[in-house]
Structures are given as structure tokens and as C-alpha cells.
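Undergrad:
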DNA sequence: CGTGTTGCTGTAACCGCTTTCAGCGACCAT
DNA sequence: ATGGTCGCTGAAAGCGGTTACAGCAACACG
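As C-alpha cells, this is what we get:
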């Protein structure tokens, strides 16, 4: 049974029609008379014909797939991002490549290689140097996800300045001083912006500048490590603003494990509003960002840009503070939601 | 400027050689005289020629990419799995497609579609029905990841029976009774096997059969929910065996949040040995499985199988109990490691 | 009846690369 | 001198689709 999958030409011969007609029927384009369509369909059905993606890709000059590039994949954030992206990609029949560089050496090359196989690429902030990004962008349409936009590379990101509102809340509403920030501003544009907003809020509130950030990663385990750094010494900060929820959760676990009370001994806030944030005790005060929507918007931008050189535009999705107990509030408050501006 | 990327023919014309020679030079196969190679290389360099993956794919009849299919992506488990898989795939220059079905309707179709674009596919247990899997497998080489093997579909998995050893430890070494199991045996083959091993250990220890498992998902948030279910009532279990670490961690957080002491009031164990397991207080007793290796082995199997129909074999990676404080042990013990059997 | 339309179909030229096979000097052994 | 490798090169035939273009019959209109 050495019968491989049938090709258009074989189907055409069997159905006694031309390849053009088979193609027209199989992809539903152009004019085909009912009886002809019927005949071709029957043969296609009988022989289980499915057009080869390779042949199609070559003829149409498009791969039919898009890629996402991340520094890593750990945590619910990436999972949500991918989910949002994938759902939009699926909608247009594109499949999704994923590359997690893990800051591997030679990641740049891998991204280039991948660029040869896709119609568009979403690169997460903090993954590639500007230079590497530019090189990729000249091969394939790129949109930056959670990063700064560049020349011809649009960006989709969330409004990180809201962490400033949270900081103001801590500073003025609760009257806390000695706030610490956990997260590495050099690690990703997101953290950079959050750190800047954190500092700006201090200036705006006219309190002395915060100390240097505790430069750690964004995983739960980093939060636990942060607890060791921050909560052991005698000058424990009154509140800790974490660059994301995972870190905040880790910190919370570390604090509780040390017998500290949150928020009485130390207040904690995060960023993202992941599911766990509202499940822990005390519940986590944070900033909600529409992660899945972020992924979906990125995919849409990439796919639409795929057609023609449409208006290259950035998108900034709105975020909102979510005040729960971990900051010292007793009743949940959510600030009025703000419209999405693109 | 309307200059697209150069093609083989253009390069050939410019370098005054045949396309065959350009192809030979660019892919480093066959015999080419030094001066000819030099000449071609120079033109390739100057014009920035990079062979089109589409053309190549069609000619070689291989896509140059492999896929992984999961039910979801949340948690460090999948992240590690992907990392292991990706590193092996990269090694042979293949890029990685990822599809998370999220139990979406129509996922079956999407997997089929994806199957048309890749040279091989790893399907995680609990993602597809046997029937759907079979349909996919007749289109493209498949290996099951963390699931049961089938007809022509090899499987790579970890030894789940070790959770039985852990159960025995709880039952006999610590003398606990009233153990609960958290995890949905119908959700994935992994959980099925763990639940079976849990039950088997009860039989072996000649203690009465455990009550029905608490059927929840495998995320941290599910663990928190489990805490609500299990720890509130008057007949609280003495120990809880969770299907994975994430759930155990969530349960631990829930228990601590309720003011319970672990392991004094309730002992908790997990499965995976994720980084957080050794960072929480008390540290989590668990079963270590080589997740990354699982991913890497899967990739290797897929890629080697890609060549010819080599011996279709299963692989079972060894796991080992890691006894820490959450089960009631006071000093860390790791059972002697067992060799890997494939 | 001549002349457009309209609707459908088929031929053949791509898309960009790989690879077989034949050809052609140069070199070696007879 | 002759036949047989050996090393290198190029022409051309795919790989499996899509689609521009031409052709043809049927039909409507003046």
C-alpha cells in the first residue's frame, strides 16, 4: 500500500477535470457549475484529499502561521497571553509558533530562523535587544508585546502608570512610608515603567525618594527570596510594591511563613490580578491588566498588518487598581474603570 | 524600492553559476570547487540571500517544525516541559508549534489543521480522546506525552507509582489515617495513575480504602478551593495527597490562611518538585519527576522517529520521593535514587 | 444573422528550492 | 593512444498547489 496522499493532479485526473477546477472546488473560490463541484467533491471525499500546506504556502507566498517570542514561559501571565493570542490566530486559521529564549546564547539566531517560517511575529518586551529586534523586523512583520515601540515596529502594551495610583494610595490614603519595590527595571520595559511610576508617585506625594529596587525575577520563587531579603532585617519596609502578582504572592507566602501579619506588619501589592490574587488570605491588592486581551490585540494587529501596510499604530490597554486587603484596606474597592484607548 | 528577497535563480545568474551550485553551496552538500564556492558565497553575502523555507519545505517534503498540544499552559510544569522539548528541537533546527486546546470545542479540528503543518506532534495526555488521537496519528507521527501509549503511538511518561511510596510513608511511617486525594482521575492519565497508586498503597497497607478523590484541576487556585472543601468541615483529613505541587501549594496557602498548622493539623504532599516546593514554609514533601527531561525525551523520540520507522518504544522516566517537612518529617530525606529505565 | 455578454473550464506558467543525471575535462593506468 | 575513473558543473524535472488567461458554448440583443 504505497499510496501517499493524493495530489491535485491525481484528483483532477480521477474526476476528469482540470487541476484548476479541483483547486477552485477545494478552496471554494471562483465559478464552478454545481454538477462539476459535486463530481469533484465526491472524489475528494472518496480519496481523502487534503491540499498540502507546503504547496499552498509556496503558491500563496504565506506560511499560515505566526510566532510569539518570550524570555520564558513561567507563570499564569504567559499562559493567558498565549491563550488570547492563539484564539485570534485560530480565527484566521493560522497556527502559532512559540519560542522561549530563556536568555539562551544564540537565541538571536533562533529567532531569525523562526522568522523565516512565519508570516508575523510578536516579540515580548525584554526578550531581544533593540538591535536584534530591528534585524528580525526587516525580515518579517513584528509587533512588540509589552515593550516600547520602535521605528516601524508597533507595540501593544498595558498602561503601567496605574501602579503610581496604587503607590499614591499607599503613601497618602494609608500614610505608609518606607515603601520597597521588588522587580528588575532592567529586565523588561514593563518593570521599567512600573518602577518609574512608583518613583513618580513618591515625587508627586512629596515624600522622600524610595530606595533602590530589589532586582529579582518575576516568578513566585523570586517573591519568596524577596521575603528573605526584605523582611528579616530590622528596618523592614512598611509596604512592598511588587512588579507583578507572582512576586507579590511569593512575598506574601514568605511573610506569612515568618509569622508576620499582612497588612498589619507589612503591606503588599502586586500587578496583573491573576486568579490567585483574590484567593489568598489576605486578598491581594493589585492592578488589573487585561492580559488575554493584550494577547488578542497583538494577534489582531499582526494579522491585519499582514494584509497591507495599514496604519502602524500602537495600542495601550487600560488598567485599573484593585484595592483589597493586603494593602490595609478593609473593604474591597475598585476605582472606576477607565475606557480603553488605542 | 520593490526589491524582494533574491531567489536561487537570481543568485545563480549574478554569480554566473547554475542554481544547482548555489543550492549546493548554501546547504553545504555535494562537491563544489573552492573558487566556485567562494564566488557564490560572496554573492550570497552581498545580496543577503537566505533560502526560502517554503521552497525548501516543498522540495524536501518536510516542514521543519514539530508541535506540542496541551490542554492548557498554566503552571511551571508546562513551562519546563516546553523548555526541554524546545531545546532538543532547536538542536535539529526545527521550530515548535504550540496549541493549547483549553478544552475548546473544535479543538479536534485545530489539531488536525496543525497536523498538516508539522513533521511530528507531541500530544499531552488528557488533551485528546483516543479516537481523535488516532485520527491525528494517521496523518503525522505522534508521540503521547504523559499518557498511555496506543497502537502505533509511543508514549513518554514518568513513573507515577512513586506516589504509592509516599502514601505508604504517610500511612505506615507516620501512622496517619483518613488521607484525602485531590485531583481528577478522569482529567488526565497522570492523575489516573496517581490515584490508582494511592488506592493501591492503601490496600497494601491493609487500611480501609480512601474516600473518593476531590475532583479539581491542577492549578494553584484549585488547591485553594480544595482547602475550602477539605479543611472547613469537622472531619478534616489528617493528610492530603495532591495530584501535583501546584495544588498542594494552593492547599498549603489555604491551610495557613485558616490558621491551621502544617503538618501538625494536616499533612500535605504534592507531585513534581517545582522550585516553590522547597521554598515554602513548611517545605513540601513531594515526588520529583524530571519534567524537562520528559520534554526532551519526547522531542528526541519524535525527531528520531521522523527519519524512519525505528523501533517504536515507550519511555518511562524514574521519579523519586522527596520527604520534607509538610508530611511531618523533621529532617529532609530523599530515598535512594533509582536508575532510569526506558 | 452578427455581436457582445456571461458562465464555466482547461492550459500552462509560476512560487523557490532540491536533486538526479548527463556531460565534460583532467588524470591515471594500460 | 585509449579507455576508465574522478571531480565538478549545469540542465531540467520535480515537489503540490494557485491563478492569469484564453477558449468555448449558450444566450441576449439589435
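Protein chains in written order, with our numbering: chain A, 2 to 343; chain B, 2 to 343.
Note that beta-carbon positions come from the ideal geometry of N, C-alpha and C, so glycine has one too.
(1) Determine the DSSP secondary structure at residue 318/A, reduced to helix, strand or coil.
(2) Any Cβ of chain B within less than 7 Å of the Cβ of residue 20/A?
(3) If you draw a straight line from the alpha carbon of residue 232/B to that of residue 76/A, how long is it in whole angstroms?
(4) Give the DSSP bridge partners of residue 182/B, in chain order.
(5) Chain B beta carbons: is any one of them nearer than 7 Å to that of residue 125/A?
(6) Which of the residues in the region 311–331 of chain B, read from start to end, lie with their CB under 9 Å from any CB of chain A?
(7) Can at least three beta-carbon pairs, one atom from the region 116–130 of chain A and one from the region 247–259 of chain A, be found at a separation below 8 Å?
(8) List, in chain order, every chain B residue whose beta-carbon is nearer than 9 Å to that of residue 112/A.
(9) From the beta carbon of residue 54/B, is the nearest beta carbon of chain A less than 7 Å away?
(10) So the alpha helix (DSSP H) residue 143/A belongs to, where does it begin and stop?
(11) Count the CB pairs spanning the region 64–78 of chain A and the region 29–37 of chain A that are closer than 8 Å, and state whether there are at least three.
(12) Indicate whether the contact test is met: 3 or more Cβ pairs, each with one atom in the region 77–94 of chain B and one in the region 131–142 of chain B, closer than 8 Å.
(13) Counting only C-beta atoms, is residue 74/B closer than 7 Å to chain A at any point?
(14) Just verifying my parser: in three-state terms, what is the DSSP assignment at residue 121/A?
(15) Scan the region 56–67 of chain B for residues whose Cβ lies nearer than 8 Å to a Cβ of chain A and list them as they occur along the chain.
(16) Got a sec: is the Cβ-Cβ distance from residue 98/A to anything in chain B below 7 Å?
(17) Nearest CA to the CA of residue 224/A: which residue from 237/A, 243/A and 285/A?
(18) If you count every other CB in all the chains shown that lies within 10 Å of the CB of residue 218/B, and 16 or more means buried, which is it?
(19) Under the three-state reduction of DSSP, which class applies to residue 175/B: helix, strand or coil?
(20) Quick test of the definition: if touching needs 3 or more C-beta pairs under 8 Å, does the region 202–219 of chain A touch the region 274–287 of chain A?
(21) For the beta strand (DSSP E) holding residue 287/A, just list the boundary residues, first then last.
(22) How many whole angstroms separate the CB atoms of residue 239/A and residue 180/A, which I take to be in contact at a CB cut-off of 8 Å?
(23) With 16 other CB atoms within 10 Å as the buried threshold, where does residue 331/B fall?
(24) Can you pull the chain A residues whose beta carbon is under 8 Å from the beta carbon of residue 70/B, in chain order?
(25) What do you get for residue 220/A, buried or exposed, if any count of 16 or more other CB atoms within 10 angstroms of its CB means buried?
(26) How is the alpha helix (DSSP H) around residue 91/A delimited, first residue to last?
(27) For chain B, is any of its Cβ atoms less than 7 Å away from the one on residue 118/A?
(28) When the cut-off is 7 Å and only beta carbons count, does residue 258/B lie next to chain A?
(29) In chain order, which alpha helix (DSSP H) runs of at least 4 residues are fully inside the region 20–50 of chain A?
(30) Hey, is residue 77/A's beta-carbon within less than 7 Å of any beta-carbon in chain B?
(31) Which same chain residues, not among the five before or five after residue 193/B, have their C-beta less than 6 Å away from its C-beta?
(32) Let me know the secondary structure DSSP gives residue 71/A once reduced to three states.
(33) Secondary structure at residue 101/A, three-state DSSP: helix, strand or coil?
(34) Going by beta carbon distance, what residues of the same chain come within less than 7 Å of residue 161/B, once the five residues before and after it are set aside?
(35) Between residue 254/A and residue 263/A, is the Cβ-Cβ spacing less than 7 Å?
(36) Under 7 Å, CB to CB, which of the residues in the region 255–283 of chain A have a partner in chain B?
TA: With the structure as the only source:
(1) Working through the first chain from its first residue, we reach residue 318/A at position 317. Residue 318/A: strand per DSSP, three-state reduction.
(2) Numbered from its first residue, the first chain carries residue 20/A at position 19. Chain B, which has no Cβ nearer than 7 Å to the Cβ of residue 20/A, makes this no.
(3) In the second chain, residue 232/B corresponds to position 231, counting from 1. In the first chain, residue 76/A corresponds to position 75, counting from 1. Roughly 27 Å separates the two Cα atoms.
(4) As a first step, residue 182/B is located in the second chain; it is residue number 181 there, counting from the start. 242/B, per the DSSP bridge assignment.
(5) Locating residue 125/A in the first chain gives position 124, where the first residue counts as 1. It does not: the Cβ of residue 125/A has no partner Cβ on chain B nearer than 7 Å.
(6) none
(7) no
(8) For the purposes of this step, residue 112/A is taken as residue 111 along the first chain, with counting starting at 1. Per Cβ cutoff of 9 Å: no residues; residue 112/A is ~10 Å from chain B at best.
(9) By one-based count along the second chain, residue 54/B stands at place 53. With 7 Å as the cut-off, residue 54/B counts as an interface residue toward chain A.
(10) Sequence index remark: in the first chain, residue 143/A carries index 142 (1-based). Here residue 143/A belongs to no alpha helix (DSSP H); instead the beta strand (DSSP E) covers 143–146.
(11) no
(12) no
(13) For this step, residue 74/B is matched to residue 73 along the second chain. Yes, its Cβ sits closer than 7 Å to a Cβ of chain A.
(14) The sequence position of residue 121/A within the first chain is 120, counting from 1. Strand at residue 121/A.
(15) 56, 58, 59, 62, 64, 65 and 66
(16) Translated into the one-based positions of the first chain, residue 98/A becomes position 97. Taking Cβ atoms only, chain B reaches closer than 7 Å to residue 98/A, which makes this a yes.
(17) Here residue 224/A refers to the residue found at position 223 of the first chain. The shortest Cα separation from residue 224/A among 237/A, 243/A and 285/A belongs to 243/A.
(18) Counting from one through the second chain, the residue named residue 218/B turns up at place 217. Flag for residue 218/B reads buried.
(19) Position 174 of the second chain, counting from 1, holds the residue named residue 175/B. DSSP places residue 175/B in coil when its eight states are reduced to three.
(20) no
(21) Counting from 1 along the first chain, the entry for residue 287/A is found at position 286. Unbroken beta strand (DSSP E) run through residue 287/A: 287–289.
(22) Here residue 239/A corresponds to residue number 238 of the first chain, with the count starting at 1. Here residue 180/A corresponds to residue number 179 of the first chain, with the count starting at 1. About 7 Å; that satisfies the 8 Å criterion.
(23) Taking the first residue of the second chain as position 1, residue 331/B is located at position 330. Result: exposed.
(24) Looking up residue 70/B in the second chain gives position 69. The contacting residues do not exist; residue 70/B stays about 11 Å from chain A at best.
(25) Within the first chain, residue 220/A is the residue found at index 219, counting from 1. Buried, by the Cβ-count rule.
(26) As a first step, residue 91/A is located in the first chain; it is residue number 90 there, counting from the start. Note, residue 91/A: alpha helix (DSSP H), 77–92.
(27) Numbered from 1 along the first chain, position 117 holds the residue referred to as residue 118/A. It does; some Cβ of chain B falls within 7 Å.
(28) Taking the first residue of the second chain as position 1, residue 258/B is located at position 257. Yes, residue 258/B counts as interfacial toward chain A.
(29) 20–28 and 35–48
(30) What you label residue 77/A is simply residue 76 of the first chain in a count that begins at 1. It does; some Cβ of chain B falls within 7 Å.
(31) Within the second chain, the letter at position 192 stands for residue 193/B. Counting only Cβ-Cβ distances below 6 Å, and skipping sequence neighbours, we find 186.
(32) Taking the first residue of the first chain as 1, we reach residue 71/A at position 70. Three-state result, residue 71/A: strand.
(33) Here residue 101/A is taken as the residue at index 100 of the first chain, counted from 1. Strand.
(34) Within the second chain, residue 161/B is the residue found at index 160, counting from 1. Within the same chain, residue 161/B has close Cβ partners 191, 194, 195 and 198.
(35) If you number the first chain from 1, residue 254/A lands on position 253. If you number the first chain from 1, residue 263/A lands on position 262. Against a cut-off of 7 Å, the Cβ pair of residue 263/A and residue 254/A comes out as no contact.
(36) 257, 258, 276, 277, 280, 281 and 282
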